[in-house]
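Working notes for the structure below.
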Amino acid sequence: MSVLFCLEKNLFQRIIVILTVANSVRPQEKDGHMSLWINRCTLKVNWTIQTKTDGCFPSLYSVRLLKNNQEITMRDTTLTSYSFEGTDSESTYSVIVSPILKCNNGSRPRGNSLNHSISAIPRSQQTYINKYISDELTLQCPLNGSYTPFSVEWEHKIGTDSTIVRTFTTPEITLTDVSYKDSGKYVCTVGFYSCGGSGLQRKLTSSVSLSVNGPPYIPMPPQTVVADPADNLTLSLSLISFPAPFSLVLVRNQNNEIIHRSNVSFAPTEVTLSAFGRVVKLYGYSCRLNMPNIRREWFGTNSIIVFNRLGNYSLSFTVEEFSDRENFIVRFLKDNLLLVASVGGSILAVSIAVIVTVICLDIRKKRKQKCMSLDNNRLPESAVADNCNQHIYARPFSFGNNRLNQDARELQSLTDHEKQIELEGRQCASMYSCAGFSLNEFQDDSIVYDNQFAPGYT
1 MSVLFCLEKN
11 LFQRIIVILT
21 VANSVRPQEK
31 DGHMSLWINR
41 CTLKVNWTIQ
51 TKTDGCFPSL
61 YSVRLLKNNQ
71 EITMRDTTLT
81 SYSFEGTDSE
91 STYSVIVSPI
101 LKCNNGSRPR
111 GNSLNHSISA
121 IPRSQQTYIN
131 KYISDELTLQ
141 CPLNGSYTPF
151 SVEWEHKIGT
161 DSTIVRTFTT
171 PEITLTDVSY
181 KDSGKYVCTV
191 GFYSCGGSGL
201 QRKLTSSVSL
211 SVNGPPYIPM
221 PPQTVVADPA
231 DNLTLSLSLI
241 SFPAPFSLVL
251 VRNQNNEIIH
261 RSNVSFAPTE
271 VTLSAFGRVV
281 KLYGYSCRLN
291 MPNIRREWFG
301 TNSIIVFNRL
311 GNYSLSFTVE
321 EFSDRENFIV
331 RFLKDNLLLV
341 ASVGGSILAV
351 SIAVIVTVIC
361 LDIRKKRKQK
371 CMSLDNNRLP
381 ESAVADNCNQ
391 HIYARPFSFG
401 NNRLNQDARE
411 LQSLTDHEKQ
421 IELEGRQCAS
431 MYSCAGFSLN
441 EFQDDSIVYD
451 NQFAPGYT
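Take 1 as the starting number for the sequence shown in UniProt numbering and just add one per residue.
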C-alpha cells in the first residue's frame, strides 16, 4: 500500500508540476521559451524567440528586470541570455524580454514579449528521480532561492525503516553503475548565509528520492541441497524486482539444459539486503519453487532463472547425493590429515593436563586437611597441664593425698608428649574408677583401695 501510495503521490506531484509549467509557458510557445533560475546570489535567464515567417526576425532584445514588481534595471542586448548579481533572499524577481524585429522591408517592429518570475526566498524542496540499473547520475541538493552555502551534509536512507547506510559532505554526489542498493532517499542539510547583506545564518533540509528500475535481483548466496534421485525439492526464493517479476521460473543444469519449468505466484514481502555494511529491508517478492521427482541430471550445479520485462537474473544452487556428501567428508579428512591430527592431539593434551591438575589439587587438599588435624591434636603445655588437673580432680574416687602429690610431681618431669600419653592413661583409669575399680588394682596389689571421694568433689 505504501509503495503504491508513494507512486501515486509522485505521479500526482509530477502532474501538478507539468500543469504549472504548461500554464506559464503555453501563451509563449508560439513566440518562444524562457528559463529563469538563481545560482547562489545571481539570477540567470535564457530565452529563445521563434523566427517569423513574414520576413521578420529578432535583431535585438530589450530586457527589463523587476524586483517585487518594481523595475530596477533595463538593457538591450543581442545575446539570448542575461544575468544579474546582487539578489537578496527576501524578494521576488521578474524578467521581461521584448524582441526588436528586423524585417525585409526595413521596418523594426517589436515582437511579443516573454516574461517569467521567480522567488529568491530559500526554501526546501523534494525531488524524485527514476534511473535504471547501471546508469550514472549526479545528485544536487534541491534548495531553491538565493543563498550562499557554507556546509552541505547528506544522509542516504534506504529500506522500510529508513536506515542510514552512508553519509556525504560534498555539495554533489556522483553515483556510477547504479544498483538497487543505491535507491532510497538522499536527505541534504544546507547551512547558508542569506543574500542581500543581512549575513543571517540558516539551515534548510531538502531531499532527493531515487527509484531504480532493472532486472530481478535475488540477494541470496548459492544454495546446496542433499537429495536422492526421485526426491522432491522445494526452495524459497526472495527477490527484488522493479517492475514486478513474471511468474515463469526456469531451472537449467550444468549442461545449460532446461530441466524444469514452473509458473509460480510471487507475493509482496520484505526482502533483506546488505547495503554498504548495513542490513536493510526493501520491498520485494517471495515464492516457493517446487521441483518434484528430480532425476540424475539434476545432480551438480544448476541455475534458477527469474524474469521481468527489463531482464533476468540467475541464482546458482547445487544438488548433492547423500553418497557424495559422505565421500566429501572422507576426502576432507584425507586432505587435512595433518590438521585433524594436530587439533586432536591438542585436545588430548589439554584434557590430560586438566585431569592431572585436578588430581594434584585433590591430593594437596587431603594432605592439608591431615596436617591441620595433627596440628589440632598437639595442644600447648599450659593447656595440657590444665586438662590434666581438670580430669584428675574430676574423678569420682581418689587414692589419697600422697598419691595425688606424687602424680603432680611425675607430670612436671614429663615432656609434653609424655604428658599427653599420661593424661590419656589416667583418664582411662578414671573411667574404671566410675565402675568401682581403681588403677592400683591393675598396677600394684599392695596399695589399699579406700574408695574415698576426691577432695573438693561434690
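We put the CB at the ideal spot given by N, CA and C, even for glycine.
Query: Start-to-end residues for the beta strand (DSSP E) that takes in K181; Result: Premise fails: K181 is in no beta strand (DSSP E) and is neither H nor E.
Query: DSSP bridge partner residues for V95 (one or two, in chain order); Result: L65 and H116
Query: Three-state class that DSSP yields for A267 in the structure shown; Result: strand
Query: M74: first and last residue of the uninterrupted beta strand (DSSP E) it sits in; Result: Q70 to T77
Query: Assumed close pair T77, V63 - CB separation to whole angstroms, cut-off 8 angstroms; Result: 6 angstroms
Query: Residue interval of the beta strand (DSSP E) (run including A227); Result: Q223 to A227
Query: Beta-bridge pairing of Q126 - partner residues as DSSP gives them; Result: S207
Query: Buried or exposed (CB count within 10 angstroms, at least 16 for buried), I352; Result: exposed
Query: Bridge-paired residues (DSSP) for Q369; Result: According to DSSP, which records beta bridges pairwise, Q369 is partnered with nothing at all.
Query: N- and C-terminal bounds of the beta strand (DSSP E) containing L250; Result: L248 to R252
Query: Start and end residues, beta strand (DSSP E) containing W154; Result: Y147 to I158
Query: Cα-Cα separation between R288 and D161, rounded to whole angstroms; Result: 26 angstroms
Query: Supposed close pair K134, D177 - CB separation, criterion 8 angstroms; Result: The question names Lys, but residue 134 is Ser in the sequence shown. Right, their Cβ atoms sit about 6 angstroms apart.
Query: Collapsed DSSP secondary structure at L339 in the structure displayed; Result: helix
Query: Which listed residue (N104, P216 and W154) has its alpha carbon closest to that of E205; Result: The identity of residue 205 in the sequence shown is Thr, whereas the question assumes Glu. Considering only alpha carbons, the answer is W154.
Query: S346 - DSSP class collapsed to helix/strand/coil; Result: helix
Query: From L137, P149, N253 and F150, residue whose alpha carbon lies closest to that of E320; Result: N253
Query: Segment contact flag, the segment 56-72 with the segment 100-117, C-beta cutoff 8 angstroms, min 3 pairs; Result: yes
Query: Distance, N336 Cα to C360 Cα; Result: 36 angstroms
Query: Coarse secondary structure for C195, derived from DSSP in three states; Result: coil
Query: Bounding residues of the beta strand (DSSP E) (the contiguous stretch that carries F307); Result: G300 to N308
Query: CA-to-CA distance, V350 to G344, given in whole angstroms; Result: 10 angstroms
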